[in-house]
Amino acid sequence: DLSEVLVKTKTHFSYIDKKISQIESILDPELFFRVHRSYLINTRKIKYIKTVEQSKLEFYFEGMSDIVISSKDGAKKFREKYKEIPCK
């Protein structure tokens, strides 16, 4: 894990001097999910999800133009946890 994390919201961003695994350990696992070794996403802000490269997922978020692409393993774990997509 890198020792600095970029946290983005739809209106702000900030750098935090912690490892992503440390951030993950303090976040609510019902609200946040690690879809890649570099990405934790807020599942309540997902606008829609698209399957790419047959086994990865592309996540689009409400009010943001950023797209997050999962790893193959992250997509598998996401699908296992969320039988239904956690979109609003």
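For what it's worth, my numbering labels the leading residue of the sequence shown as -2, then goes sequentially. The beta-carbon is built from N, C-alpha and C at its ideal position, and this holds for glycine as well. For clarity, every value in this text was computed on a predicted model and none was experimentally measured.
Rounded separation between residue i and residue j - CA only
i: I43; j: S0; result: 26 angstroms
i: H9; j: M61; result: 11 angstroms
i: L24; j: Q51; result: 29 angstroms
Beta carbon of residue i nearer than 7 angstroms to that of residue j
i: V2; j: K15; result: yes
i: F56; j: I46; result: yes
i: V4; j: I13; result: yes
Residue i: first and last residue of the uninterrupted alpha helix (DSSP H) it sits in
i: S18; result: I17 to I23
Q: Spell out a yes or no on whether the segment 29 to 43 and the segment 62 to 69 are touching, meaning 3 or more CB-CB pairs, one atom from each, closer than 8 angstroms.
A: yes
Q: Note down, one range per segment and in chain order, each beta strand (DSSP E) of at least 3 residues found wholly within the segment 26 to 72.
A: 29 to 33, 36 to 39, 43 to 49, 53 to 58 and 64 to 66
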